[in-house]
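In what follows, a structure is listed as structure tokens, so that the remarks can point back to it.
Protein chains: 2
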Amino acid sequence: MQLPSTLLENAVSEFSKLPGIGKKTALRLVLHLLKQDVAEVQQFGDIISKMRTEIKFCQRCSNISDADICSICANSMRNQRLICVVETIRDVIAIESTQQFSGTYHVLGGVISPLDGVGPDQLNIESLVYRIQKEETEELIFALNPNIQGDTTIYYIQKKIAPHCRVTTIARGIAFGGELEYADEMTLARSISNRLPVGQYVK
Amino acid sequence: MQLPSTLLENAVSEFSKLPGIGKKTALRLVLHLLKQDVAEVQQFGDIISKMRTEIKFCQRCSNISDADICSICANSMRNQRLICVVETIRDVIAIESTQQFSGTYHVLGGVISPLDGVGPDQLNIESLVYRIQKEETEELIFALNPNIQGDTTIYYIQKKIAPHCRVTTIARGIAFGGELEYADEMTLARSISNRLPVGQYVK
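Which chain is which? The protein sequence lines are A and B, in order. The opening residue of the first sequence carries number 1 in this note's numbering; numbering runs sequentially from there. The opening residue of the second sequence carries number 204 in this note's numbering; numbering runs sequentially from there.
Put into structure tokens, the structure is as follows:
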């Protein structure tokens, strides 16, 4: 695809660096921006640059934040002794949107995965251990994706903080609305071995 | 979806103004940018702003251009007496990528569509008429989308420039690789009434 202008070509190649955006989609987006007011497009560029330059990560939990401490860590209404450990900021947003969790978070920034060259040092594990030793944490809830890397990470962290607090992980089982028939064997087997008394089952 | 930072929220809302990008995709793109170097993201913002501010439209054919006259109009190897009339810049790019057309273009910027409030005055029709009167144009090829608005536009322009040059429109018929069975009646009927002798058919 040959474009009639280098300015256009540069803009298209910038957009097509984004995940899931190919050259054709990039061109569509750029041509859309071309139709907008100059001021509006400049605002678009400025807001993106500003976001990257000025955004902070909470010093306590590594969540995205406008200040040094994020709004969740600074909120005294939330249970500061309960820490939910997640991989990414997207997981924080997902859990927050359930409105069922009133504790705080700790964003690891990934999971231990030797194959991808990610060791414990690249993750926010030190700060988590420090946090648990310093604060009077009551419970650590792991909400990592259910796979080998996630389990390795849980094992590694649990060893490090062993006697300090209670450690749990979110329930794994058949999803609400899912069908038994189509569940994989691992999930089905786990959901049977981790079965709950009916009275204890929270709707 | 509640986001933990206004900077993030602004960036997401800017991205979700783009066509075909919802809030979830916008968040994915913004979080991707957050992982990139500051310099890279600033370059992204700058290139987009610069593109909008500095890009020019060819004074002759209204195509996108880096200079006052676009590279196609400035190219003496191309047949400057042949004008292909298209709706948008995207059509220019599509025709150029076939590498089968060696004339010039004229970008109307849309088609006459009273229902959408688009009249001849909002389109680059005056400049086309002026161009044909000034230059020694031999043929005008209409490559508009085959619909009522396109046909109206062709009719309107043809009336305006009537005796000056030959006027043609790109062939409409069954697409290469298409199946007769699934073609709509209008297309099939036209392709029969506009049939060509087998020898005249260009592969």
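Here a beta-carbon is modelled for each residue, glycine too, at the ideal position from N, C-alpha and C.
Note the first and the last residue of the continuous alpha helix (DSSP H) segment covering residue i.
{"i": "ILE161 (chain A)", "result": "148 to 161"}
{"i": "LEU343 (chain B)", "result": "Not the alpha helix (DSSP H): LEU343 (chain B) falls in the beta strand (DSSP E), residues 342 to 345."}
{"i": "GLN133 (chain A)", "result": "126 to 134"}
{"i": "MET186 (chain A)", "result": "185 to 193"}
Nearest CA to the CA of residue i: which residue from the options?
{"i": "GLY109 (chain A)", "options": "A:GLY150, A:LEU196 and A:GLU40", "result": "A:GLY150"}
{"i": "LYS160 (chain A)", "options": "A:ILE64, A:LEU128, A:LEU82 and A:GLN59", "result": "A:LEU128"}
{"i": "ILE292 (chain B)", "options": "A:ARG60, A:ARG172 and A:LYS35", "result": "A:LYS35"}
{"i": "ILE112 (chain A)", "options": "A:GLY103, A:ILE148, A:PHE101 and A:ILE95", "result": "A:ILE148"}
{"i": "CYS61 (chain A)", "options": "A:ALA11, A:GLU9, A:THR153 and A:VAL86", "result": "A:VAL86"}
{"i": "SER65 (chain A)", "options": "B:ARG369, B:GLU212, B:ILE224 and B:LEU326", "result": "B:GLU212"}
{"i": "PRO323 (chain B)", "options": "B:ALA242, B:GLN361 and B:LYS220", "result": "B:GLN361"}
{"i": "CYS84 (chain A)", "options": "A:THR6, A:SER102, A:ASN75 and A:GLU126", "result": "A:SER102"}
{"i": "ARG369 (chain B)", "options": "B:LEU343, B:GLY376, B:GLY380 and B:THR355", "result": "B:LEU343"}
{"i": "LEU347 (chain B)", "options": "B:GLY320, B:ARG375, B:PHE379 and B:TYR333", "result": "B:ARG375"}
{"i": "LEU230 (chain B)", "options": "A:ALA94, A:PRO197 and A:GLN43", "result": "A:ALA94"}
{"i": "THR432 (chain B)", "options": "B:GLU384, B:VAL401, B:ILE328 and B:ILE377", "result": "Since the first residue shown for chain B is 204 and the last is 406, residue 432 (chain B) is missing from the structure and cannot be characterised."}
{"i": "THR152 (chain A)", "options": "A:PHE15, A:LEU115 and A:GLY45", "result": "A:LEU115"}
{"i": "GLN2 (chain A)", "options": "B:VAL295, B:TYR308 and B:ILE328", "result": "B:VAL295"}
{"i": "ILE335 (chain B)", "options": "B:GLN283, B:ALA386 and B:PRO349", "result": "B:GLN283"}
{"i": "GLN245 (chain B)", "options": "A:ASP37, A:ASN194, A:ASN75 and A:THR53", "result": "A:THR53"}
{"i": "ASP416 (chain B)", "options": "B:ASN327, B:PRO349 and B:LEU234", "result": "Outside the modelled stretch of chain B, which goes from 204 to 406, sits residue 416 (chain B), for which no answer is possible."}
Hey, how far is the Cα of residue i from the Cα of residue j?
{"i": "THR301 (chain B)", "j": "ALA67 (chain A)", "result": "53 angstroms"}
{"i": "GLU179 (chain A)", "j": "LYS226 (chain B)", "result": "29 angstroms"}
{"i": "PHE345 (chain B)", "j": "THR371 (chain B)", "result": "6 angstroms"}
{"i": "ARG190 (chain A)", "j": "ILE154 (chain A)", "result": "17 angstroms"}
{"i": "PRO207 (chain B)", "j": "MET77 (chain A)", "result": "16 angstroms"}
{"i": "LYS337 (chain B)", "j": "HIS367 (chain B)", "result": "10 angstroms"}
{"i": "GLN100 (chain A)", "j": "ILE69 (chain A)", "result": "22 angstroms"}
{"i": "GLN122 (chain A)", "j": "LEU210 (chain B)", "result": "26 angstroms"}
{"i": "MET51 (chain A)", "j": "ALA214 (chain B)", "result": "7 angstroms"}
{"i": "TYR130 (chain A)", "j": "TYR156 (chain A)", "result": "15 angstroms"}
{"i": "LEU82 (chain A)", "j": "LYS56 (chain A)", "result": "23 angstroms"}
{"i": "PHE218 (chain B)", "j": "GLU299 (chain B)", "result": "30 angstroms"}
{"i": "SER13 (chain A)", "j": "PHE44 (chain A)", "result": "17 angstroms"}
{"i": "GLY320 (chain B)", "j": "VAL401 (chain B)", "result": "43 angstroms"}
{"i": "GLN59 (chain A)", "j": "ALA74 (chain A)", "result": "11 angstroms"}
{"i": "ASN124 (chain A)", "j": "VAL107 (chain A)", "result": "7 angstroms"}
{"i": "THR385 (chain B)", "j": "THR25 (chain A)", "result": "One detail in the question is off: residue 385 (chain B) reads as Tyr in this sequence, not Thr. Answer to the nearest angstrom: the Cα atoms are 28 angstroms apart."}
{"i": "VAL241 (chain B)", "j": "LEU18 (chain A)", "result": "15 angstroms"}
Using a beta-carbon distance below 8 angstroms, is residue i in contact with chain B?
{"i": "LEU33 (chain A)", "result": "yes"}
{"i": "THR6 (chain A)", "result": "yes"}
{"i": "PRO197 (chain A)", "result": "no"}
{"i": "SER102 (chain A)", "result": "no"}
{"i": "THR53 (chain A)", "result": "yes"}
{"i": "LEU123 (chain A)", "result": "no"}
{"i": "ALA11 (chain A)", "result": "yes"}
{"i": "CYS70 (chain A)", "result": "yes"}
{"i": "ARG90 (chain A)", "result": "yes"}
{"i": "VAL111 (chain A)", "result": "no"}
{"i": "MET1 (chain A)", "result": "yes"}
What first and last residue would you give for the beta strand (DSSP E) that runs through residue i?
{"i": "ARG375 (chain B)", "result": "Per DSSP, ARG375 (chain B) belongs to no beta strand (DSSP E) and is neither H nor E."}
Does residue i get closer than 8 angstroms to chain A when you measure Cβ to Cβ?
{"i": "ILE364 (chain B)", "result": "no"}
{"i": "SER268 (chain B)", "result": "yes"}
{"i": "LYS226 (chain B)", "result": "no"}
{"i": "ILE286 (chain B)", "result": "no"}
{"i": "GLU299 (chain B)", "result": "yes"}
{"i": "VAL321 (chain B)", "result": "no"}
{"i": "VAL332 (chain B)", "result": "no"}
{"i": "PRO222 (chain B)", "result": "yes"}
{"i": "ARG393 (chain B)", "result": "no"}
{"i": "VAL233 (chain B)", "result": "yes"}
{"i": "VAL241 (chain B)", "result": "yes"}
{"i": "ILE360 (chain B)", "result": "no"}
{"i": "ILE296 (chain B)", "result": "yes"}
Please list, in chain order, the chain C residues whose beta carbon lies closer than 8 angstroms to that of residue i.
{"i": "GLU14 (chain A)", "result": "Here the protein chains are A and B, and chain C is not one of them."}
List, from N- to C-terminal side, the alpha helix (DSSP H) runs of 4 residues or more that fit wholly inside the stretch 69 to 116 of chain A.
Runs found: 89 to 96.
Which ranges would you report for the beta strand (DSSP E) in the stretch 14 to 40 of chain A if only whole runs of at least 3 residues count?
If we require 3 residues or more, the stretch 14 to 40 of chain A turns out to have no beta strand (DSSP E) run fully inside it.
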